[in-house]
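Reviewing the structure listed below.
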Amino acid sequence: MSEEKNIRVLLVDDEPAIRRALKTPLQELGFQAVEASRGEEALHLVRTDSFDVVLLDINMPGIGGMQTLVRLRALAPRLPILMLTVRDEEHDKVEALEKGADDYITKPFSIRECIARIRAAVRRSKTPERSEDAPIAVGDIEILPARRIVKKAGEAVRLTPKEYEILLYLMRNAGRAVTYGKLLTSVWGVEYRQEVDYLRTFVRQLRKKIEKDPSHPRYLLTDPCVGYRFAEEVAFARGTNGAAAGDAWLPT
Amino acid sequence: MNSERYIVPAGNGRESYLSDRSGAEKVRELVEHAAELDLHQKPGPALASLIQSIFGFEAVAILDADVNEVYQLGEWFPGVEETVRNVFVFETVRDDPETGLIRRVLRVRNLPIGALLLRGEAEEAISSQIAALIAISFDRYHAFANEMRMESAKRAEQLRSTVLDSLAHAYKTPLTAIQAAASGLKEMGNLSAAQGTMVSLIAEQAAQLNLLTTRLLRTARLEAHSLHAELVAIAPLIEDVIAATREQLANMSIKVDLARDDLSLMGDRSLLEAMLTHFVENAGKYADVGTTVTIGAAERPGCIVLSVHNRGPVIPAAEHERIFDRYFRSQTAEHLAPGTGIGLSVAKQAALAHGGQVWVTSSEHEGTTFFAALPVESQGAAI
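Same order as they appear, the protein sequences are chains A and B. Under this note's numbering, think of the first position of the first sequence as 22, with each following residue one higher. Under this note's numbering, think of the first position of the second sequence as 62, with each following residue one higher.
This is the structure in structure tokens:
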């Protein structure tokens, strides 16, 4: 658990029961957790103290989670912020992601899931920005931007230019939820940001090319009503087609 | 036909000094007054009064066919309501010098919306202009009233969804604390086997309570929500439903069987999503572990048939209809699975709202399949 020793978590939720239920196990498991019950308090703490990650409730009195997010982003552009949301509030999730949140966790959640998200967000924030041309690999999918090549288990996959751009954008943001709007804007341009069905068609084609079972995607995942998320790592639970290239990426 | 009858108080004394002006001037005055009418009230009575006082008719009767009301003023013979209604029904436009009756049909964009009956003298063209003006005023009033109704329906919908949001928040908070505390205890370790079992039970049941809450709120939200028809592509719809029910289908494999990749229909996406989600959740609940749940979409003339098939206990034929009733839960022992008995009734309501229908087939040999047939061009009255 030594890696958690230095992770400082700022826990922002107006509900004392939730803060208590999170803080105790987090501390017990080696994280340092500081509480705030309002956005205003969180902003003050971020100005005066340093944190590795913020868990921020969306629904709070006072300036509320969304406004806190915007101001925190302005204060600390690289600080990972994970929003605590409730299911059925997809538009809030989308808005938070587009305003700079790193990810969201849907209440109720288990401590295990929460810790996994915290670790992933902190790890991403500590990873130095890679160069535009750096290859990216997840599981047995590899993208080589310098040569515009995509490989699956070592074999080149033929993609249309748009499919390639979608994949590149998602893989550059692997592990993060990318909203439909962001993806459409970056691949087609801002005038297409509403054309979700258009995007879905392309994603379906893309899945047929990179997924083993397109209706059970393991790489290109759907966040219902929010967008897509490229897996950060892929577990090879069942026998894959024996791809040696894939084995190198087995998660620990 | 029952209609309300309005007796409007007689003129307000304008007739004396207006009588020598030209017809065109009088029409202009009527236009000015008509433009100032308060649209919160039905304009019929005020118009009848204005027309009588400005033009000096002996009597005025106006039918607003949209609300089926006759506004009359002055001395009329018995049965005048019937007469003015007949003007509307038979679309009679006639000036009758012998009786002094002038008949006009009120039209908006060429459609009859009412009738005007005058007794007195006026040029033909002037009477027609009066009729046109009344028609425009009625149209403005109905458009305004419609807008107000929509505005108030929208506010009611907003209110309901605010209430539901705060309910969601109120339920999810304790559930989140319970879930986090129970899973936290487990993560921290050092529990005896018995303690571990109890903690798991707390976590599982909290998760179950959460699922039920989510379903109940989803149902309530759908009831509060007015339908928005849009072009819905079926393949991505299925994809979203699969992604949202991943946990409930963890022990089965899923197959998607599409007639064509680009199937689509006009409908309300969130409603269709809820419908299919309930079918899939239901299949997840009853399917034998390790079997395949197949979600299909087939084309039939004028409609698309969505289906969810699973292998599992057979639903007795006697229950095929009732299974879609609210709160109905099969009494068959094999069918005792957690649930609220609401899901399938929601699915049925969703299909009906689209002018479609649902049904189920179930046999040992073929397995169980839930179907929803939905018109491609929605004919749902509500949409």
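Glycine included, every Cβ here is placed at the ideal spot set by N, Cα and C. For clarity, every value in this text was computed on a predicted model and none was experimentally measured.
Looking at chain A, is there any beta carbon in it that lies within less than 8 Å of the beta carbon of residue i?
i: glycine 245 of chain B; result: yes
i: methionine 259 of chain B; result: no
i: aspartate 329 of chain B; result: no
i: glutamine 219 of chain B; result: no
i: leucine 435 of chain B; result: no
i: valine 341 of chain B; result: no
i: alanine 281 of chain B; result: no
i: glutamine 256 of chain B; result: no
i: threonine 153 of chain B; result: no
i: leucine 262 of chain B; result: no
i: lysine 87 of chain B; result: no
i: histidine 370 of chain B; result: no
i: threonine 223 of chain B; result: no
i: threonine 430 of chain B; result: no
i: glutamine 240 of chain B; result: yes
i: isoleucine 445 of chain B; result: Chain B is shown from 62 up to 444; residue 445 of chain B falls before or after that span and cannot be answered.
i: methionine 249 of chain B; result: yes
i: glutamate 427 of chain B; result: no
i: lysine 215 of chain B; result: no
i: glutamate 445 of chain B; result: Lying outside 62 to 444, the shown extent of chain B, residue 445 of chain B is not represented and no answer is given.
i: glutamate 300 of chain B; result: yes
i: leucine 333 of chain B; result: no
i: leucine 172 of chain B; result: no
Assuming residue i and residue j are in contact, meaning their beta carbons sit under 8 Å apart, how far apart are those beta carbons, in whole angstroms?
i: leucine 204 of chain A; j: isoleucine 187 of chain A; result: 7 Å
i: threonine 243 of chain A; j: glutamate 300 of chain B; result: 6 Å
i: alanine 241 of chain B; j: leucine 43 of chain A; result: 5 Å
i: tyrosine 190 of chain A; j: valine 208 of chain A; result: 6 Å
i: tyrosine 240 of chain A; j: valine 217 of chain A; result: The Cβ separation is near 20 Å, so there is no contact.
i: arginine 180 of chain B; j: alanine 120 of chain B; result: 4 Å
i: serine 188 of chain B; j: aspartate 156 of chain B; result: 7 Å
i: arginine 40 of chain A; j: glutamate 56 of chain A; result: 5 Å
i: lysine 28 of chain A; j: glutamine 53 of chain A; result: It is worth fixing the name first, because residue 28 of chain A is isoleucine in this sequence and not lysine. Indeed they touch by this definition, with Cβ atoms about 7 Å apart.
i: alanine 453 of chain B; j: valine 107 of chain A; result: Given that chain B is displayed from residue 62 to residue 444, the structure contains no residue 453 of chain B and the question cannot be resolved.
i: alanine 344 of chain B; j: valine 366 of chain B; result: 16 Å between Cβ atoms; not a contact.
Which residues does DSSP pair with residue i in a beta bridge?
i: valine 293 of chain B; result: B:Leu326
i: glutamine 53 of chain A; result: A:Arg29
i: serine 368 of chain B; result: B:Gly357, B:Phe432
i: threonine 127 of chain A; result: A:Thr106
i: lysine 173 of chain A; result: A:Ile162, A:Glu176
i: tyrosine 249 of chain A; result: A:Val199, A:Thr243
i: glycine 135 of chain B; result: B:Ala120
i: valine 421 of chain B; result: B:Phe431
i: valine 166 of chain B; result: B:Ala176
i: valine 317 of chain B; result: B:Ile356
i: arginine 155 of chain B; result: B:Arg164
i: leucine 77 of chain A; result: A:Val33, A:Met104
i: glutamate 130 of chain B; result: B:Asp125
i: isoleucine 157 of chain A; result: A:Ile164
Let me see if you follow: with CB-CB separation under 8 Å, is residue i close to chain B or not?
i: arginine 197 of chain A; result: no
i: glycine 33 of chain A; result: Per the sequence presented here, residue 33 of chain A reads as valine, with glycine not at that position. Valine 33 of chain A does not count as touching chain B.
i: lysine 132 of chain A; result: Before going further, note that residue 132 of chain A is isoleucine rather than lysine in the sequence given. Closer than 8 Å to some Cβ of chain B, the Cβ of isoleucine 132 of chain A qualifies, so yes.
i: lysine 128 of chain A; result: yes
i: valine 211 of chain A; result: no
i: valine 107 of chain A; result: yes
Suppose contacts are defined by Cβ-Cβ distances below 8 Å. Is residue i in contact with residue j by that definition?
i: alanine 100 of chain A; j: phenylalanine 130 of chain A; result: The residue asked about is misnamed: residue 100 of chain A is leucine in this sequence, not alanine. No, these two residues do not count as a Cβ contact at 8 Å.
i: serine 50 of chain B; j: threonine 353 of chain B; result: Only positions 62 to 444 of chain B appear in this structure, which leaves residue 50 of chain B out of reach.
i: valine 145 of chain B; j: valine 166 of chain B; result: no
i: isoleucine 139 of chain A; j: valine 33 of chain A; result: no
i: glutamate 153 of chain A; j: proline 166 of chain A; result: yes
i: isoleucine 191 of chain B; j: leucine 91 of chain B; result: yes
i: isoleucine 164 of chain A; j: alanine 195 of chain A; result: no
i: glutamate 360 of chain B; j: arginine 321 of chain B; result: yes
i: threonine 429 of chain B; j: glycine 373 of chain B; result: yes
i: arginine 282 of chain B; j: leucine 332 of chain B; result: no
i: alanine 358 of chain B; j: leucine 413 of chain B; result: no
i: cysteine 364 of chain B; j: glycine 417 of chain B; result: yes
i: phenylalanine 116 of chain B; j: lysine 87 of chain B; result: yes
i: leucine 77 of chain A; j: isoleucine 102 of chain A; result: yes
The stretch 311 to 322 of chain B: which residues have C-beta closer than 8 Å to a C-beta of chain A, in chain order? Ser314, Ile315, Lys316, Val317, Asp322
The stretch 36 to 69 of chain A: which residues have C-beta closer than 7 Å to a C-beta of chain B, in chain order? Hits within the stretch, in order: Glu36, Ala38, Ile39, Ala42, Leu43, Thr45, Pro46, Glu49, Leu50.
Output needed in chain order: residues of the stretch 231 to 260 of chain A with a Cβ under 9 Å from some Cβ in chain B. Asp234, Pro235, Ser236, His237, Pro238, Leu242, Thr243, Asp244, Pro245, Cys246
For the stretch 214 to 226 of chain A, which residues have a CB atom closer than 7 Å to at least one CB atom of chain B, in sequence order? Asp218, Arg221, Arg225
Contact set between the stretch 68 to 83 of chain A and chain B, restricted to residues whose Cβ is under 7 Å from the partner: Asn80
Any residues in the stretch 156 to 169 of chain B with a beta carbon nearer than 8 Å to a beta carbon of chain A? Which ones, in chain order? Answer set for the stretch 156 to 169 of chain B: empty.
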